[in-house]
Amino acid sequence: MRHLLDPFDFSVEELDNLLRLGRDIAADQRPYAHVCDGKILATLFYEPSTRTRLSFTSAMMHLGGSVLGFSSANASSASKGESVADTIRVVSGYADIAAMRHPFEGAPMRAAMFSGIPVINAGDGGHQHPTQTLTDLLTILSRCGRIDHLRVGFCGDLKYGRTVHSLMHALSRYEGIEFVLISPEELRVPRHLIDSVVTPNHIPCSEVTSLEDAMPDLDVLYMTRIQRERFADKLEYERLKNSYILDAEKMKLGKDSLAVLHPLPRVNEITLDVDNDPRAAYFEQAQNGVYMRMALIMTLLGLAPTGPLADKPLPFLQGAVEIPDEPCQFRSCITRSEEGLVPLYVRDAAGELRCAYCEHRKK
Ligand code: NCD
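If you count by our numbering, then the sequence shown holds residues 3 to 365, one letter each, in order.
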């Protein structure tokens, strides 16, 4: 059985197959209308969502399957103190596949350790959001005609923006990718991402603060919202919330072939006058979410034309060491909220111990 917790869970070849299937589905969904007849998807959402949950639901319905689940922690037994481990054990008897969104980083991985069905990470805290990445990749492919040899600018909240982290992981495996990381000093990409993704893959990468200066050279501009709910200090959010606003005036600085992506929801970081610019790809990107989630559900259930995926042990468990008395200190790690969880660490390329759940360095 396979899960999708992190974009690296799929090999480049598996990812290519998924994208090919996503493209076929985008062109014509009818051949897939009964692929998942009798199958059930559970959507376990402990955090708000519009696109991710509804596009998962729409995807399963387009495949002929059914959907059950909850859309907030309050509506589930989590509000009574039930653990993720117990919840997924139970849900494994009610559904064939599960998509989980959780405010604590590493929660879907914890679920996968106890699950009898494939678990999909639909966003865990500020950590990862690999199904948004599938959507982003299909959008880049259809807009730019390729996923390699691109200069990709990420702009906004690169610290807490999980979609940025997952897309950087995925893009790092393609030839000729360059990153331009545009953010205020306080919201730079977490160090562990530079150490584990950028440096080992020798990706040209600059960290800058000016969107205007970066614009002219970009092939893709990935805008993000400042993630209000992840700030410990609300005053800091107030100070940073208007850091970047992309408007029609700034769009004049971009190439004709630029593709502007945004995972949505937007707050004010893209003004409405950009929406009719042909380079704005974000609503098409949201639509691609249905096609790629259809491709993903079929693939994880072993119902894709390419057949079942080869079995693979859970990532991060290989070489992981248990250190029972030294819990992870990161405030949004699942190890801080789940009873009975033994802290697990892995050694990174630099020889430092990192929490296997949230990837933050051990203090
Ligand atoms: C993103 C998320 O949840 O991380 N939304 C989405 O799934 N499309 C981006 C965000 O909330 O800013």
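For each residue, glycine too, the CB sits at the ideal point set by N, CA and C.
Using beta-carbon positions only, say whether D126 and R91 come within less than 9 Å of one another. Residue numbering aside, residue 126 sits at position 124 when the sequence shown is read from its first letter. Residue numbering aside, residue 91 sits at position 89 when the sequence shown is read from its first letter. For D126 and R91, no; Cβs fall outside 9 Å.
Simplified DSSP assignment, three categories, for G24: Here the question's residue 24 lines up with position 22 in the sequence shown. DSSP places G24 in helix when its eight states are reduced to three.
Is G342 near the ligand NCD, judged by its Cβ being under 8 Å from some heavy atom? Numbered from 1 along the sequence shown, position 340 holds the residue referred to as residue 342. No, the ligand NCD has no heavy atom inside 8 Å of this Cβ.
What are the start and end residues of the alpha helix (DSSP H) that includes I247? Against the sequence shown, residue 247 aligns to sequence position 245. Counting along the chain, I247 falls outside any alpha helix (DSSP H), and DSSP gives it neither H nor E.
Taking only heavy atoms of the ligand NCD into account, decide whether any of them is closer than 8 Å to the Cβ of Q289. Numbered from 1 along the sequence shown, position 287 holds the residue referred to as residue 289. For the ligand NCD, not one heavy atom lies less than 8 Å from the Cβ of Q289.
Kindly indicate which three-state DSSP category R239 falls into: helix, strand or coil? Against the sequence shown, residue 239 aligns to sequence position 237. According to the sequence shown, residue 239 is Tyr rather than Arg. Note: Y239 maps to helix in three-state DSSP.
Is it buried or exposed, L70, if we count other Cβ atoms within 10 angstroms and call 16 or more buried? For this step, residue 70 is matched to residue 68 along the sequence shown. So L70 ends up on the exposed side.
Looking at the strands, I want to know which residues DSSP matches up with S68. On the sequence shown, residue 68 is found 66 positions in, with the first residue counted as 1. Partner(s): I42.
Whole-angstrom Cβ separation of D277 and Q229, contact assumed at under 8 Å? Taking the first residue of the sequence shown as position 1, residue 277 is located at position 275. Taking the first residue of the sequence shown as position 1, residue 229 is located at position 227. Between Q229 and D277 the Cβ distance is about 22 Å, and since that is not below 8 Å, they are no contact.
Any heavy atom of the ligand NCD inside 8 Å of the beta-carbon of S245? Counted from its first residue, the sequence shown places residue 245 at position 243. Flag unset: Cβ of S245 not near the ligand NCD.
Sort L136, M170 and V323 by Cα distance to T54 and report the nearest one. Taking the first residue of the sequence shown as 1, we reach residue 54 at position 52. Of L136, M170 and V323, the residue nearest in Cα terms is L136.
Beta-carbon proximity list for Y347, same chain, < 7 Å, skipping 5 on both sides: Numbered from its first residue, the sequence shown carries residue 347 at position 345. Here the set comprises A322, V323, I325, L355, R356, C357, A358 and K364.
Would a C-beta distance cut-off of 9 Å place L139 and F156 closer than the cut-off? In the sequence shown, residue 139 corresponds to position 137, counting from 1. In the sequence shown, residue 156 corresponds to position 154, counting from 1. No, Cβ-Cβ distance for L139 and F156 is not below 9 Å.
For K41, I'd like the list of residues in its chain whose CB is within less than 6 Å of its CB, leaving aside the five on either flank, ordered along the chain. Translated into positions along the sequence shown, residue 41 becomes position 39. Closer than 6 Å at Cβ, skipping near neighbours: G67 and D98.
Closest residue to I113 among A352, L316, G353 and A261 (Cα-Cα distance): Position 111 of the sequence shown, counting from 1, holds the residue named residue 113. Ile is not the amino acid found at residue 113; the sequence shown has Ala there. Looking at the Cα atoms, L316 is the closest of the given residues.
Identify every run of the alpha helix (DSSP H) within the region 258-324, keeping only runs that are complete inside it and at least 4 residues long; order them along the chain. 284-302
I'd like to know whether the C-beta atoms of F233 and Y176 end up nearer to each other than 9 Å. Translated into the one-based positions of the sequence shown, residue 233 becomes position 231. Translated into the one-based positions of the sequence shown, residue 176 becomes position 174. No, the pair does not count as a contact, with Cβ atoms beyond the cut-off.
Just jot down, in chain order, the residues whose CB lies closer than 7 Å to any heavy atom of the ligand NCD. S51, R53, T54, G125, H131, Q134, G163, R164, T165, T226, R227, Q229, P265, L266 and P267
Just to confirm, are N123 and M115 a CB contact at a threshold of 9 Å? Residue 123 sits at position 121 when you count from the first residue of the sequence shown. Residue 115 sits at position 113 when you count from the first residue of the sequence shown. Taking 9 Å as the Cβ cut-off, N123 and M115 do not qualify as a contacting pair.
Separation of P132 from R295, as counted between CA atoms: In the sequence shown, residue 295 corresponds to position 293, counting from 1. In the sequence shown, residue 132 corresponds to position 130, counting from 1. Cα-Cα distance, rounded: 11 Å.
State the start and end residues of the unbroken alpha helix (DSSP H) segment that holds L143. Taking the first residue of the sequence shown as 1, we reach residue 143 at position 141. Here the alpha helix (DSSP H) through L143 covers P132 to C146.
On the DSSP bridge assignment, give the partners of V93 in chain order. Reading the sequence shown from its first residue, position 91 is the one you call residue 93. Bridge partners of V93: none, in fact.
Nearest-angstrom beta carbon gap, V154 and D221 [assumed within contact, 8 Å]: As a first step, residue 221 must be located in the sequence shown, where it is residue number 219. As a first step, residue 154 must be located in the sequence shown, where it is residue number 152. Going by Cβ atoms, the distance from D221 to V154 rounds to 7 Å, so yes, they are a contact pair.
Backbone CA spacing between V292 and P9 [nearest angstrom]: Walking along the sequence shown from the start, residue 292 turns up at place 290. Walking along the sequence shown from the start, residue 9 turns up at place 7. Rounded to whole angstroms, V292 to P9 spans 18 Å at the Cα level.
Measuring alpha carbon to alpha carbon, tell me which of T337, N270 and F318 ends up nearest S245. Residue numbering aside, residue 245 sits at position 243 when the sequence shown is read from its first letter. Among T337, N270 and F318, the Cα nearest to that of S245 belongs to N270.
Taking the straight line between their C-alpha atoms, what separation do you get for L274 and P218? Here residue 274 corresponds to residue number 272 of the sequence shown, with the count starting at 1. Here residue 218 corresponds to residue number 216 of the sequence shown, with the count starting at 1. Using only the alpha carbons, I get a separation of about 21 Å.
Between E188 and the rest of its own chain, which residues show a CB-CB distance below 8 Å, the 5 nearest in sequence each way excluded? Counting from one through the sequence shown, the residue named residue 188 turns up at place 186. So the list reads K161, E238 and L242, once near-sequence residues are dropped.
P307 classed as buried or exposed, judged by whether at least 16 other C-beta atoms fall within 10 angstroms: Within the sequence shown, numbered from 1, the residue matching residue 307 stands at position 305. Flag for P307 reads exposed.
L21 vs A297 beta-carbon contact at 9 Å: Against the sequence shown, residue 21 aligns to sequence position 19. Against the sequence shown, residue 297 aligns to sequence position 295. Cβ atoms of L21 and A297: closer than 9 Å.
Determine the contact status of A87 and G309, defining contact as a CB-CB distance below 9 Å. The residue given as residue 87 occupies position 85 in the sequence shown. The residue given as residue 309 occupies position 307 in the sequence shown. Against a cut-off of 9 Å, the Cβ pair of G309 and A87 comes out as no contact.
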